[in-house]
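Participant: One structure, as structure tokens, below. Some questions next.
Residue numbers (our numbering): -8 to 146.
Set out below in structure tokens:
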């Protein structure tokens, strides 16, 4: 930026030196022309300085806006991270709860399966005992019936 200002200043002042400067004494009209050239050069230089100052101010304003936008974006990122972090933590807790429930259900299922096996075994044993009891009752009935027949035949 400084180099551009130097080049611009040189470009404005160069014509002044080439057109306004002469070797030796100058008549009044030339002196007036030189003073007018000097005044114009000063005016142009002041205008360039003013433009440079305006550009610096605009640059400063834009830099401030960029900083504000950067801070706003940073704040939004932080807020988004916090929101998503909270959602991730909630999801993790729910998953953990579901895993515990699932393990409980697996345990209950295993216990039910063992109970059903025991009930099935017990049912088999009861059926076997009932069958044996029925056979024994049938035998006793046959015995009783045959002993009653014998008694009736003897009498």
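All C-beta atoms in this analysis are idealised placements derived from N, C-alpha and C, irrespective of residue type, glycine included.
Predicted model only: the values in this text are computed from it and were never measured.
#1: Please report the straight-line C-alpha distance between residue 113 and residue 133, rounded to a whole angstrom.
#2: Hey, how far is the Cα of residue 87 from the Cα of residue 80?
#3: When the Cα atoms are used, what is the spatial distance from residue 118 to residue 97?
#4: From residue 139 to residue 106, what distance separates their C-alpha atoms?
Facilitator: If we stick to the structure as given:
#1: As the crow flies, the alpha-carbon of residue 113 is around 30 angstroms from that of residue 133.
#2: Going by the C-alpha atoms only, they are around 10 angstroms apart.
#3: Answer to the nearest angstrom: the Cα atoms are 31 angstroms apart.
#4: Roughly 47 angstroms separates the two Cα atoms.
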